[in-house]
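Chains as they are written, first to last, in the numbering used here: chain A, 14 to 130; chain B, 13 to 124.
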């Protein structure tokens, strides 16, 4: 089973709203990721968690705040977003972090389509 | 030079033919290579991964890796209209361990 679930599927929010995206996996994976994807572009890495600790922050604006409450869950808290933040937000997980002598395959969830008005 | 390069396409292939998708990468120390398929409006789906030089086959898909020439390719045999999608090449770069670097994707269209 390689399932990663994400909720909600769609989200419309105003620039003053606070909302959260949720991601869950039950594969025992210890690395989890948030990506942002704009139309006709590849996924763009935002955050990486390894063993529930933030490992990589790709200089993401503070209006995006990640949280990893436990090894199966990953949240992305959103506040004061801009219209240009509208995109598909993807969660992914892998058994562990990709390493220099090998890598662990990343499996993506279905994504949350976010529209900021 | 981009770290991972793909021809954006569209690549048009007749149904039943072999579709050949190519990807080059700049970091000679890269170890791990992935192919994802992405339908419009959907998330990427992992279809192949390859870590060693040579060919790796899975059903109609074959991934080929040539580390000396720094390219990785994906062959799709007996192409079907359902194979029409964007194919993303992804590489774990030696200099960017812990991150997968994606190419910009090749749009494949299978014509009936």
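The beta carbon of each residue, even a glycine, is placed where N, CA and C say it ideally should be.
Look at residue 79 (chain A): its C-beta is not under 8 Å from any C-beta on chain B. Residue contact check for residue 124 (chain A) against chain B: a CB pair falls below 8 Å. Here the C-alpha atom of residue 73 (chain A) lies approximately 29 Å from the C-alpha atom of residue 97 (chain B).
For residue 54 (chain B) and residue 21 (chain A), the gap between their C-alpha atoms comes out near 14 Å. Of the residues assessed, residue 103 (chain B) falls on the buried side of the cut-off, its CB having 16 or more other CB atoms within 10 angstroms. Residue burial is scored here from C-beta neighbours: residue 49 (chain A) has at least 16 other C-beta atoms within 10 angstroms and is therefore classed as buried. Residue 114 (chain B) and residue 16 (chain A) have their C-alpha atoms spaced approximately 21 Å apart. Note on geometry: alpha-carbon atoms of residue 111 (chain B) and residue 72 (chain B) lie some 28 Å from one another. Taking the beta carbon of residue 84 (chain A) as reference, no residue of chain B falls within 9 Å; the closest one sits roughly 17 Å away. Counting of Cβ neighbours within 10 angstroms places residue 117 (chain B) among the buried residues, the total reaching 16 or more. Ranked by Cα distance from residue 29 (chain A), the options A:18, A:121, A:76 are led by A:76. Closer than 8 Å to the CB of residue 66 (chain B) there is not a single CB belonging to chain A. Residue-level contact by beta carbon holds for residue 58 (chain B) and chain A, with a gap shorter than 8 Å. From the beta-carbon of residue 61 (chain A), the residues of chain B found nearer than 8 Å are 110, 111. At least one C-beta of chain A is nearer than 8 Å to the C-beta of residue 55 (chain B). A contact between stretches requires three or more CB pairs, one per stretch, nearer than 8 Å, and the stretch 97-110 of chain A meets this requirement with the stretch 40-48 of chain A.
The beta carbon of residue 76 (chain B) lies closer than 6 Å to those of 67, 85 in the same chain, with the five residues before and after it left out. In this structure, DSSP gives residue 94 (chain B) a helical state, which the three-state scheme calls helix. Residue contact with chain B for residue 87 (chain A): absent (no Cβ-Cβ distance below 8 Å to any residue of chain B). Around the beta carbon of residue 67 (chain A), fewer than 16 other beta carbons sit within 10 angstroms, so the residue counts as exposed. In the displayed model, residue 79 (chain A) falls within a strand according to three-state DSSP. If you check the CB distance, residue 18 (chain B) and residue 35 (chain B) come in under 8 Å.
Among the residues facing chain B, residue 99 (chain A) is not included, as its CB has no counterpart in that chain under 8 Å away. Around the beta carbon of residue 122 (chain A), 16 or more other beta carbons lie within 10 angstroms, which makes this residue buried.
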